[in-house]
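Numbering (this note's numbering), first residue to last: 10 to 276.
The next block holds one structure in the form of structure tokens; read it before the comments.
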Amino acid sequence: MKLDAGCEMVLETKSEVAAVVMLMPQTGKAQTVLRSEIEVTPGAPHHDYQDAFGNICRRLVFPAGRSTLRATCMAEVQDEIDVNPQAGFTLAQDLPDDVLQYLLPSRFVESDLLVKKAHRVVKSGFFNKIEPGYQQAEAIRDWIFRKLKYKYGASGPTTSARDTAKKREGVCRDFTHLGIALCRALRIPARMVVGYLHTLDPMDLHAWFEAFVGGRWYTFDATQKVAKGNRIVIAYGRDAADVAQITEFGPMQTVSMKVWVTPAAGS
Numbered sequence: 010m011k012l013d014a015g016c017e018m019v020l021e022t023k024s025e026v027a028a029v030v031m032l033m034p035q036t037g038k039a040q041t042v043l044r045s046e047i048e049v050t051p052g053a054p055h056h057d058y059q060d061a062f063g064n065i066c067r068r069l070v071f072p073a074g075r076s077t078l079r080a081t082c083m084a085e086v087q088d089e090i091d092v093n094p095q096a097g098f099t100l101a102q103d104l105p106d107d108v109l110q111y112l113l114p115s116r117f118v119e120s121d122l123l124v125k126k127a128h129r130v131v132k133s134g135f136f137n138k139i140e141p142g143y144q145q146a147e148a149i150r151d152w153i154f155r156k157l158k159y160k161y162g163a164s165g166p167t168t169s170a171r172d173t174a175k176k177r178e179g180v181c182r183d184f185t186h187l188g189i190a191l192c193r194a195l196r197i198p199a200r201m202v203v204g205y206l207h208t209l210d211p212m213d214l215h216a217w218f219e220a221f222v223g224g225r226w227y228t229f230d231a232t233q234k235v236a237k238g239n240r241i242v243i244a245y246g247r248d249a250a251d252v253a254q255i256t257e258f259g260p261m262q263t264v265s266m267k268v269w270v271t272p273a274a275g276s
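Listed below in structure tokens is the structure:
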């Protein structure tokens with residue numbers, strides 16, 4: 010399916026504020042980006058670069074006052090996510106160099122403190138026998154979906170995976186951090202993904218995780234009983250600190266924000 014997606018934010022600053030915007034998807038294994046644009050009104054000098062995770066970033070300075078940031082894209086995406094319960098566990102010595110970092114604890118993912126929890130989770134599922142690899146990641150996703158409550162306002166910008174494991178409530182960001190932490194605790198590389206999801210209700214930017222098993226990355230979404238396709242990936246990272254839509258280097262207020270994802274004309 011081809012999707013039109015976008016995000017519009019009204020931002021307010023009292024003085025010039027430097028920022029990095031991460032709202033430009035790129036062509037990858039499950040999507041072909043046909044168009045991607047960012048407009049800032051009033052205009053602001055900018056340049057684009059790729060960060061350490063390969064994400065496209067726009068560096069700019071917002072002027073004092075109100076600015077409107079509008080990011081739009083069109084992409085051809087998969088209708089269904091890839092599923093492979095036979096994808097096995099990969100030993101650390103056999104992992105690609107760029108995947109190793111996703112085994113380590115990070116800012117919001119204290120995987121080293123959740124090892125016992127991870128082993129309990131994969132033993133408590135509905136699965137008769139769980140093989141190392143994909144089946145463990147799926148057992149984690151299933152446990153989070155069943156045991157945690159999706160609740161707006163239950164978490165904040167500093168909530169970590171360990172916090173969520175204790176409170177058992179949160180939003181997609183929190184579910185994702187916990188899924189990543191439990192995978193890494195079992196030595197399965199896992200990373201955070203942010204992007205657009207068609208039919209999400211209420212519509213917003215979304216977060217999920219990927220686990221590296223069987224020699225490649227697979228999608229897992231702990232907010233859904235059965236993970237849907239029709240996703241546009243914007244960015245990858247170790248956790249939310251790496252994939253913020255806007256990283257501002259000064260005081261900035263978000264006045265309003267809207268997100269949309271619709272089938273493109275002719276889809």
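Cβ coordinates follow ideal geometry from the N, Cα and C atoms, glycine included.
Quiz item: Roughly how many angstroms separate the alpha carbons of Gly246 and Met201, rounded to a whole number?
Solution: Taking the sequence shown and counting its residues from 1, the one referred to as residue 246 is at position 237. Taking the sequence shown and counting its residues from 1, the one referred to as residue 201 is at position 192. Cα to Cα, Gly246 sits roughly 5 Å from Met201.
Exercise. Using three-state DSSP, classify Gly139 as helix, strand or coil.
Key: Against the sequence shown, residue 139 aligns to sequence position 130. Gly is not the amino acid found at residue 139; the sequence shown has Ile there. In this structure, Ile139 counts as coil in the three-state DSSP scheme.
Exercise. Check Gln59 in the structure and name its three-state DSSP category.
Key: The residue you call residue 59 lines up with position 50 of the sequence shown. Of the three classes helix, strand and coil, the one that applies to Gln59 here is strand, per DSSP.
Practice problem: Using alpha carbons as the reference points, say which of Met18, Lys23, Lys11, Leu12 lies closest to Gly259. | Solution: By 1-based counting over the sequence shown, the position of residue 259 is 250. Taking only the C-alpha atoms, the option nearest Gly259 is Lys23.
Quiz item: What's the gap between the Cα of Gln35 and the Cα of Thr228?
Solution: The residue given as residue 35 occupies position 26 in the sequence shown. The residue given as residue 228 occupies position 219 in the sequence shown. For Gln35 and Thr228, the distance between alpha carbons rounds to 17 Å.
Exercise. Provide the residue span of the beta strand (DSSP E) that contains Gly275, from first to last.
Key: As a position in the sequence shown, residue 275 is number 266, starting the count at 1. Per DSSP, Gly275 belongs to no beta strand (DSSP E) and is neither H nor E.
Quiz prompt | Host beta strand (DSSP E) of Lys160 (start-end) | solution = Along the sequence shown, read from residue 1 onward, the residue named residue 160 stands at position 151. Careful: Lys160 lies outside any beta strand (DSSP E) and carries neither H nor E.
Quiz item: Is Leu195 helix, strand or coil by DSSP?
Solution: Locating residue 195 in the sequence shown gives position 186, counting from the first residue. Correct three-state label for Leu195: coil.
Quiz item: Where Phe256 and Asp172 are concerned, what is the direct C-alpha to C-alpha distance, given to the nearest angstrom?
Solution: Stepping through the sequence shown from its first residue, residue 256 is reached at position 247. Stepping through the sequence shown from its first residue, residue 172 is reached at position 163. Here residue 256 turns out to be Thr, not Phe, going by the sequence shown. Roughly 23 Å between the two C-alpha positions.
Quiz item: Run through DSSP, which three-state label would Gly74 get?
Solution: To locate residue 74, count along the sequence shown from 1; it is residue 65. Residue state, collapsed to three classes: strand.
Quiz prompt | Glu219, buried or exposed, once every other Cβ within 10 Å from all chains shown has been counted against 16 | solution = Residue mapping note: residue 219 aligns to position 210 of the sequence shown, counting from 1. If you draw a 10 Å sphere on the C-beta of Glu219, you find 16 or more other C-beta atoms in it, and that means buried.
Quiz item: In the structure shown, what three-state DSSP assignment does Ile90 receive?
Solution: Here residue 90 refers to the residue found at position 81 when the sequence shown is read from its first residue. Ile90 falls in the coil class under three-state DSSP.
Exercise. Please name the residue, chosen from Gln59, Val86, Gly52, that lies closest to Arg79 on a Cα-to-Cα basis.
Key: Working through the sequence shown from its first residue, we reach residue 79 at position 70. A check of alpha carbon separations from Arg79 across Gln59, Val86, Gly52 identifies Gly52 as the nearest.
Exercise. Locate the beta strand (DSSP E) running through Ala253, then write down its first and last residues.
Key: By 1-based counting over the sequence shown, the position of residue 253 is 244. Counting along the chain, Ala253 sits inside no beta strand (DSSP E), nor does DSSP assign it H or E at all.
Quiz item: Cβ atoms of Ser115 and Leu191: under 9 Å apart, would you say?
Solution: Numbered from 1 along the sequence shown, position 182 holds the residue referred to as residue 191. Numbered from 1 along the sequence shown, position 106 holds the residue referred to as residue 115. Cβ atoms of Leu191 and Ser115: not closer than 9 Å.
Quiz item: DSSP three-state call for Lys176: helix, strand or coil?
Solution: On the sequence shown, residue 176 is found 167 positions in, with the first residue counted as 1. Reduced to three states, the DSSP call for Lys176 is helix.
Self-check item: Minimum C-alpha distance to Ala244 - residue among Asn93, Asp60, His186
Solution: Residue numbering aside, residue 244 sits at position 235 when the sequence shown is read from its first letter. Nearest C-alpha to Ala244: Asp60.
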